[in-house]
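Asker: Count along the sequence shown starting at 1, add 42, and that's the number in my numbering.
Yeah, the Cβ is synthetic: ideal placement off N, Cα and C, and Gly gets one too.
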Amino acid sequence: TFAAYESGEKSPSLPSIENLAIYLNIPVDFFLGRAPLPGVQAGPPALDTLDSLLSLRNRIVSALLRKMRLESGITLDELSRYVEVSPEQLQAYETGQYPIPLPKLEMICLALNVSIRDFLDTSGPVGRWNQQQKAVNAFLELPPEMQQFISQPVNLPYLNLAQRLSEMSVDRLRNVAEGLLEITL
Numbered sequence: 043t044f045a046a047y048e049s050g051e052k053s054p055s056l057p058s059i060e061n062l063a064i065y066l067n068i069p070v071d072f073f074l075g076r077a078p079l080p081g082v083q084a085g086p087p088a089l090d091t092l093d094s095l096l097s098l099r100n101r102i103v104s105a106l107l108r109k110m111r112l113e114s115g116i117t118l119d120e121l122s123r124y125v126e127v128s129p130e131q132l133q134a135y136e137t138g139q140y141p142i143p144l145p146k147l148e149m150i151c152l153a154l155n156v157s158i159r160d161f162l163d164t165s166g167p168v169g170r171w172n173q174q175q176k177a178v179n180a181f182l183e184l185p186p187e188m189q190q191f192i193s194q195p196v197n198l199p200y201l202n203l204a205q206r207l208s209e210m211s212v213d214r215l216r217n218v219a220e221g222l223l224e225i226t227l
């Protein structure tokens, strides 16, 4: 299958892209052309885990496609003409019989006026993994001295304090600052 993807004979589905991203430990956004290749990579998960995840994600994308099409009021025939596949093939995509090739999913998104991002996993294993990758990349973009400060366990109380302060309202923060000023004067 990967040889067919590489040669351009076959297009991967979004869940295939997501699985490949997890296996290669690369953010999904890289494959969608929205992010550069990150520098840090760890070992891939077990292949049997990826196989079951691929199957689940294909079913989820299929169900979501059907839901979005029905909500938009577009018939199978109308959508099939727009994306240039038979209504039977489109129905096979919607029922999860076949994974949806990414180029076809992109055309479907245009027809339904939705974003490919609406199909991305945001809370499941792929979504959690993708968020971890983004967090690591954001950390790596910090200045080295900030990375050093954050990575020292002794500085955790300062980070907790900064987090609590960032969650305060402006008025509450002003009161705290005034209280500190009174103490120091």
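1. Which word fits residue 104, buried or exposed, when buried means at least 16 other C-beta atoms lie within 10 angstroms of its C-beta?
2. Should residue 122 go down as buried or exposed, given a rule of 16 or more other Cβ atoms within 10 Å for buried?
3. If we count the other Cβ atoms within 10 Å of its Cβ and call it buried at 16 or more, is residue 200 buried or exposed?
4. Based on Cα-Cα distance, which residue from 126, 221, 59, 127 lies nearest to residue 99?
5. Mind checking whether residue 135 and residue 118 have CB atoms under 8 Å apart?
6. Between the region 59–73 and the region 164–173, are three or more C-beta pairs nearer than 8 Å?
7. Using 8 Å for Cβ pairs, my map puts residue 56 next to residue 144. What's the rounded Cβ distance?
8. Can you look up residue 55 in the DSSP assignment and give me helix, strand or coil?
9. With a cut-off of 8 Å on the beta carbons, I'd call residue 215 and residue 203 a contact; round off their distance for me.
Answerer: Inspection of the coordinates gives the following:
1. Buried: at least 16 other Cβ atoms inside 10 Å.
2. Of the residues assessed, residue 122 falls on the buried side of the cut-off, its CB having 16 or more other CB atoms within 10 angstroms.
3. Looking at its Cβ environment, which holds fewer than 16 other Cβ atoms inside 10 Å, residue 200 is exposed.
4. Ranking the options by Cα distance to residue 99, first place goes to 59.
5. Annotated as distal: residue 135 and residue 118, with beta-carbon spacing of 8 Å or more.
6. Yes, since at least three Cβ pairs between the region 59–73 and the region 164–173 fall closer than 8 Å, the two stretches touch.
7. The pair is a contact, with the Cβ atoms about 6 Å apart (cut-off 8 Å).
8. Residue 55 falls in the strand class under three-state DSSP.
9. Going by Cβ atoms, the distance from residue 215 to residue 203 rounds to 12 Å, so no, they are not a contact pair.
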